[in-house]
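For the sequence shown, the working numbering gives the first residue as 1248, with consecutive numbering after it.
For every residue, glycine included, the Cβ atom is placed at its ideal position computed from N, Cα and C.
Before any comments, here is the structure.
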Amino acid sequence: MNQHLDPKKEAHIEQLREQYHELARLAGELAHEIKNPLSVIRMNMDLLAEDFAGAESGRDRRAMQTIEIVTNQCARLESLLNDFLRFSRVQHLNMTPGNLNRQLENVLDFFAPRAAEAGVEVIRYLDPDLPSVLFDPNAIQAALVNLVKNSLEAMPEGGQLTVRTRVTRKGVAADLIDSGLGMDENTAMHMFDPFFSTKESGSGLGLPTARKVIEAHGGRIDVQSAINHGTKFTLEFPTPTRIAGA
Ligand SMILES: Nc1ncnc2c1ncn2[C@@H]1O[C@H](COP(=O)(O)OP(=O)(O)OP(=O)(O)O)[C@@H](O)[C@H]1O
Ligand SMILES: [Mg+2]
1248 MNQHLDPKKE AHIEQLREQY HELARLAGEL AHEIKNPLSV IRMNMDLLAE
1298 DFAGAESGRD RRAMQTIEIV TNQCARLESL LNDFLRFSRV QHLNMTPGNL
1348 NRQLENVLDF FAPRAAEAGV EVIRYLDPDL PSVLFDPNAI QAALVNLVKN
1398 SLEAMPEGGQ LTVRTRVTRK GVAADLIDSG LGMDENTAMH MFDPFFSTKE
1448 SGSGLGLPTA RKVIEAHGGR IDVQSAINHG TKFTLEFPTP TRIAGA
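Listed below in structure tokens is the structure:
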């Protein structure tokens, strides 16, 4: 049996993997560099807040309000940087044979309480005969977490999340179909741009992270969305154990 993909495709995947590692490394370094001065600012704000605690004059109260604003914005930046560090932490993909169903089960089990609370019914159609693929379980898990989280966030009034796996001509695929808000044209165009978000506290790193991870595995991610109807994400991973030309 031929264990390899076609050499051209493999070289392309390797190139994507290298780009991904480089980007992840730079992002991680930058986030660290920003985090240090930011924590100094926050510490000094805490000291100022202590000085102004119990402020009585109008001027001091206004100063206290300003301190609070700066402190809140620092906290927001810190949380953004932590998202970024999480995103860049997948330094090297540790490829092992594994089953996509298992990964999905883990992520869906993890989100089950949150889904129940939000009135979202989760329907699983996982093909029991799904063949194994080569992937890094942690990286795939991070990608799936981002997708499921997005689906739940798109259904604030409840709805249905259908998760299906199937065998395709090239490998295995998973569909995540939500009955949520869907996307307008602008969102559909920019959803994979780093930092693009329509949410008040979104970092806009969920989908770019998911796409990088999936493409670094030689896979692909497709989206279909209809406003007020819902969104379908399809992920496909190649099975490298296919006999070339068969
Ligand atoms: N299932 C979905 N339904 C509707 N819109 C979606 C869905 N998934 C993503 N989007 C849109 O794509 C945007 C980008 O998603 P992404 O996951 O990258 O960032 P985010 O969810 O806004 O922030 P973060 O994931 O960092 O919390 C979202 O703000 C949202 O507008
Ligand atoms: Mg998200």
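Neighbour-count burial assignment, F1442, 16 or more Cβ in a 10 Å radius:
F1442 should be labelled exposed.
Using the three-state DSSP reduction, which class does N1249 fall into: helix, strand or coil?
For N1249, the predicted model reports a pLDDT of 43, less than 50, meaning its position is unreliable; a value from the coordinates is still stated below. N1249: coil per DSSP, three-state reduction.
Taking the alpha carbon of R1416 as the reference point, which residue from P1487, L1285 and N1385 has its own alpha carbon closest?
Ranking the options by Cα distance to R1416, first place goes to P1487.
Quick one: what's S1286 bridged to in DSSP?
Paired residues: none, contrary to the question.
Limits of the alpha helix (DSSP H) - the one that D1356 falls within
Bounds of the alpha helix (DSSP H) holding D1356 are L1347 to E1364.
If we ignore side chains and look at the alpha-carbon of each, how far apart do V1470 and T1434 end up?
For V1470 and T1434, the distance between alpha carbons rounds to 12 Å.
With the cut-off set at 8 Å, would you say K1459 and D1422 are in Cβ contact?
Their beta carbons are not under 8 Å apart, which means K1459 does not touch D1422 by this criterion.
For ligand 1, any of its heavy atoms closer than 7 Å to the Cβ of L1408?
L1408: no, Cβ never under 7 Å from ligand 1.
Would you mind stating whether L1273 and F1484 have Cβ atoms separated by less than 8 Å?
The answer is no: Cβ separation not under 8 Å.
Residue from R1309, H1259, D1440 and G1406 whose Cα sits closest to the Cα of G1453
Minimum Cα distance to G1453 is reached at D1440.
I need the DSSP call for R1254, collapsed to helix, strand or coil.
Sequence check: residue 1254 is Pro here, not Arg. Correct three-state label for P1254: helix.
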